[in-house]
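Here is the structure we will look at, set down as structure tokens.
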Amino acid sequence: MAEVRYEAASRLYPGSEIPAVNELNLDITDGELLVLVGPSGSGKSTALRMLAGLETVTSGSVHINDVDVTLKPPQDRDIAMVFQNYALYPSMTVAENMGFALKQAKVPKEKRNELVREAARILDLEPYLDRKPKNLSGGQRQRVAMGRAIVREPQVFLMDEPLSNLDAKLRVQTRTELADLQARLGVTTVYVTHDQVEAMTMGDRVAVLKDGKLQQVDRPRTLYSRPANRFVAGFIGSPAMNLVEVDRQKGGFSLGGVDVPLNDETTAAVAAASGSSMTVGVRPEHLALGSSGLAGKVTVVEELGSESYVHVSVSHQGSDEVLVVRSGGETDIERGDTVHIGFNGPMHVFGTDGERLGS
Amino acid sequence: MAIFTRAPKAEPILGQNRLVANLLGLLTWFIGLLFFFPLFWLVLNGFKEESVANASPTLIFDPTLDRFREVTEANAGLLSFAEAFGNSFWIVLISTIFVMILAVPAAYALAIRPMRKWRDVLFFFISTKFLPIVGIIMPIWIIARDLNLLGTRTVLVVLYTAMNLPLAVWMLRSFFAEVPKELIEAAQIDGCSLLGQLRQVILPIVAPGLAATALLCVIFAWNEFFFAIQLNPTGASTIPVWVNSQQKFQGQFLAGLSAASVLATLPVVVAGWAAQKRMIRGLAMGAIK
Ligand SMILES: Nc1ncnc2c1ncn2[C@@H]1O[C@H](COP(=O)(O)OP(=O)(O)OP(=O)(O)O)[C@@H](O)[C@H]1O
Ligand SMILES: [Mg+2]
Numbered sequence: 001m002a003e004v005r006y007e008a009a010s011r012l013y014p015g016s017e018i019p020a021v022n023e024l025n026l027d028i029t030d031g032e033l034l035v036l037v038g039p040s041g042s043g044k045s046t047a048l049r050m051l052a053g054l055e056t057v058t059s060g061s062v063h064i065n066d067v068d069v070t071l072k073p074p075q076d077r078d079i080a081m082v083f084q085n086y087a088l089y090p091s092m093t094v095a096e097n098m099g100f101a102l103k104q105a106k107v108p109k110e111k112r113n114e115l116v117r118e119a120a121r122i123l124d125l126e127p128y129l130d131r132k133p134k135n136l137s138g139g140q141r142q143r144v145a146m147g148r149a150i151v152r153e154p155q156v157f158l159m160d161e162p163l164s165n166l167d168a169k170l171r172v173q174t175r176t177e178l179a180d181l182q183a184r185l186g187v188t189t190v191y192v193t194h195d196q197v198e199a200m201t202m203g204d205r206v207a208v209l210k211d212g213k214l215q216q217v218d219r220p221r222t223l224y225s226r227p228a229n230r231f232v233a234g235f236i237g238s239p240a241m242n243l244v245e246v247d248r249q250k251g252g253f254s255l256g257g258v259d260v261p262l263n264d265e266t267t268a269a270v271a272a273a274s275g276s277s278m279t280v281g282v283r284p285e286h287l288a289l290g291s292s293g294l295a296g297k298v299t300v301v302e303e304l305g306s307e308s309y310v311h312v313s314v315s316h317q318g319s320d321e322v323l324v325v326r327s328g329g330e331t332d333i334e335r336g337d338t339v340h341i342g343f344n345g346p347m348h349v350f351g352t353d354g355e356r357l358g359s
Numbered sequence: 001m002a003i004f005t006r007a008p009k010a011e012p013i014l015g016q017n018r019l020v021a022n023l024l025g026l027l028t029w030f031i032g033l034l035f036f037f038p039l040f041w042l043v044l045n046g047f048k049e050e051s052v053a054n055a056s057p058t059l060i061f062d063p064t065l066d067r068f069r070e071v072t073e074a075n076a077g078l079l080s081f082a083e084a085f086g087n088s089f090w091i092v093l094i095s096t097i098f099v100m101i102l103a104v105p106a107a108y109a110l111a112i113r114p115m116r117k118w119r120d121v122l123f124f125f126i127s128t129k130f131l132p133i134v135g136i137i138m139p140i141w142i143i144a145r146d147l148n149l150l151g152t153r154t155v156l157v158v159l160y161t162a163m164n165l166p167l168a169v170w171m172l173r174s175f176f177a178e179v180p181k182e183l184i185e186a187a188q189i190d191g192c193s194l195l196g197q198l199r200q201v202i203l204p205i206v207a208p209g210l211a212a213t214a215l216l217c218v219i220f221a222w223n224e225f226f227f228a229i230q231l232n233p234t235g236a237s238t239i240p241v242w243v244n245s246q247q248k249f250q251g252q253f254l255a256g257l258s259a260a261s262v263l264a265t266l267p268v269v270v271a272g273w274a275a276q277k278r279m280i281r282g283l284a285m286g287a288i289k
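These protein sequence lines map, in sequence, to chains U and Y. For the first sequence, counting from 1, position 114 maps to 114 in our numbering; every step adds exactly one. For the second sequence, counting from 1, position 44 maps to 44 in our numbering; every step adds exactly one.
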């Protein structure tokens, strides 16, 4: 039973100008799997390590279960962490690795063995208990690292890109297993990844970081359907949302010479915002190829089997913009074809400062 | 440490490069043998009669163990082989233990929890080796005399500890620096105390490094001659001083001296050879895997 709370928590590394984590406010509820996602260098690991007690909090505070742990050392926080490179103790066997924390806590040997065996059973590690980490495959090592975390039954699991050293197929398989295990154990988990697909598929909620600042935290679906700003819009979703810089027009905007209207609410929001330009975002599945609409030339066709993504170059405000359009599988569209694009879904409008104005 | 990296497997070499490679190989063997030859000759001489050793060089002779017997015989009033060996053994052992006890925490601090200006600290350690020992032997001698330590084993233990400490700190630091930071953090999170982290997590990983460092300290202390002859030339002295005492002012002593030299060299060669294989295997092993 644990809740985690960051209160305006910042980390400024000595010698750097801007904080790696900047006034982070985040509430994580009991049993939740919260994913921290963001591009490289956005401060995800730093935020996680602040919660672990491995990184000094320069200002603000971190709470676990309403207890201020900002100044507590890692061993007093009752947390377990899974590292990207697993950090298994090379001189110890799998069983010793998994039982190490229990041994430190002076759990009697009998009890310890029992807990280790139980964790090994959950993770299919029973045949490997007497092996050294160096004699395990990457996937097995990953599971040992997980096992080391779960035997302790900690308040909070912290995971820093625990799947990034696995090959693509195993990664996909493991991420569902991991999310399932977390849900069964019901232990509050903070999970760091730079892979937005991983974030979207695993997270109960996802927090998007950029340059140390929290951009948005919400359920995956909301993040996808109502991105709070231009950055989140472009970061979440694969392939990425089409984002085009357009000039304001009364009641809408013009894209490649085609006038597109906006609803009244959004129009009002646009009118109230400062700046003269705005950004319009449309997801590839909300564009369709048809016989009329915005004309353009096909530059690339990505065939994925069940669907395809057609990259169309359109002329907009004197330069070429590439729009990605989702189309059916087994398409006969080819590079060089001239096609027409229509809108068949929501559009997202972002102001000059990147903030969402409406859709 | 560069000295202990595993040699890459030789790739087959094709065409013109092959000739060059063969020539280089030949040259290497030649140089190697050139270096080895004096040692070889020394060992041979140890098995000769004095008259044969001092005559024109020959490979054909009746080998004898008499020289070894003579040099190891105890002579009243002189430093005997057995005494010197015992002295060397204890002085080397105790000084090396002291060095390791002092160097491990220092290296830990420098590598794992570096403070500001740790590089300067490291430089200070190694800079103590810049001083020519000849230049400081006088004050050391006076201090030793005033402390009544002249002619004792204690003075050599102290000096050998001081002599090897910078090197050990320097070496151990580089081994400690290779311990992945995450391992220590994982141990911290697992609730391991500082001493526990050192004992249970770090030391098993750096064990080959510890062994390599200790071995070097043993070798340097075993071989040390200058301090020993200056501060402790008598009954409590070490093997190098004993070897030196085999030079006679009269008569022939080349074969005897050779035999003594072989005896002095043997322990170091054996220790080095035994430790080498294990250390290389240990050091080549990736810690994080
Ligand atoms: N020990 C450090 N000293 C100084 N700056 C650091 C240190 N560690 C990280 N930083 C900086 O802090 C910022 C955030 O780093 P962090 O490791 O948290 O990023 P991240 O989001 O985890 O990135 P990645 O996906 O690459 O792991 C980066 O700009 C990085 O350069
Ligand atoms: Mg990171």
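Idealized CB from N, CA, C, for every residue including glycine.
- In this structure Val298 of chain U touches Val312 of chain U by the C-beta definition: roughly 6 Å separates them, less than 8 Å.
- In this model, Leu323 of chain U and Arg219 of chain U are separated by some 27 Å (Cα to Cα).
- Looking at U:Asp27, U:Val349, U:Asn65 and U:Lys72, the one whose alpha-carbon comes closest to that of Gly191 of chain Y is U:Lys72.
- Assignment of His194 of chain U by DSSP, reduced to helix, strand and coil, places it in the coil class.
- Within 8 Å of the C-beta of Lys44 of chain U there is at least one heavy atom belonging to ligand 1.
- Using a Cβ distance threshold of 9 Å, Ala107 of chain Y and Val169 of chain Y count as a contacting pair.
- The contact set of Asp190 of chain Y on chain U, defined by CB atoms closer than 7 Å, consists of Phe100, Ala101 and Gln104 in chain order.
- With a cut-off of 8 Å on Cβ pairs, the stretch 78-86 of chain Y is in contact with the stretch 236-243 of chain Y, counting three or more such pairs.
- Proximity of the beta carbon of Asp160 of chain U to ligand 2 is indicated: a heavy atom of the ligand is located closer than 8 Å.
- Under DSSP, Val206 of chain U forms a beta bridge with U:Val35 and U:Asp218.
- Look at Pro108 of chain U here: in three-state DSSP terms it is coil, with no helix or strand label.
- Residue contact check for Leu185 of chain U against chain Y: no CB pair falls below 9 Å.
- DSSP places Phe124 of chain Y in the uninterrupted alpha helix (DSSP H) bounded by Trp118 to Ser127.
- The C-beta of Arg205 of chain U comes no closer than 9 Å to any C-beta of chain Y.
- From the listed residues U:Asp353, U:Glu302, U:Leu289 and U:Glu7, the smallest Cα separation to Phe343 of chain U is found for U:Leu289.
- If only complete runs of 4 or more residues are kept, the stretch 233-274 of chain U shows the alpha helix (DSSP H) at 264-272, in order along the chain.
- Collapsing the DSSP output to three states places Leu54 of chain U in coil.
- Taking Asp124 of chain U as the centre and dropping the five residues before and after it, the same chain places the C-beta of Arg143 closer than 8 Å to its C-beta, in chain order.
- For the C-beta of Ile205 of chain Y, the chain U residues within less than 7 Å are, from N- to C-terminus, Pro90 and Ser91.
- For ligand 1, a non-hydrogen atom lies closer than 8 Å to the CB of Val21 of chain U.
- With respect to the 9 Å criterion, Pro154 of chain U and Asn97 of chain U are not classified as neighbours on the basis of their beta carbons.
- For the 9 Å CB-CB criterion, Gln215 of chain U and Val232 of chain U form a contact.
- A direct Cα-Cα distance of roughly 7 Å separates Asn164 of chain Y from Val99 of chain Y.
- In the DSSP assignment, Glu23 of chain U falls within the unbroken beta strand (DSSP E) covering Val21 to Ile28.
- Leu287 of chain U is positioned such that its CB atom lies closer than 9 Å to that of Arg326 of chain U.
- Counting only Cβ-Cβ distances below 8 Å, Phe83 of chain U has contacts in chain Y at Glu182, Glu185 and Ala186, in chain order.
- For Asp160 of chain U, the secondary structure class from DSSP, reduced to helix, strand or coil, is strand.
- Going by DSSP, Tyr108 of chain Y is part of the alpha helix (DSSP H) stretching over Phe81 to Ile112.
- Distances from the alpha-carbon of Ser59 of chain U to those of U:Asn135, U:Glu23 and U:Gly38 put U:Glu23 closest.
- Here Arg283 of chain U carries a coil assignment [DSSP, helix/strand/coil].
- Taken through DSSP and simplified to helix, strand or coil, Asp66 of chain Y comes out as helix.
- Within the same chain, Leu110 come within 7 Å of Val121 of chain Y by CB-CB distance, once the 5 residues on both sides are set aside.
- Look at the beta carbons and you see the stretch 78-91 of chain U not touching the stretch 107-120 of chain U: under three pairs across the two are nearer than 8 Å.
- Of all residues in the stretch 93-114 of chain Y, none places a beta-carbon less than 8 Å from a beta-carbon of chain U.
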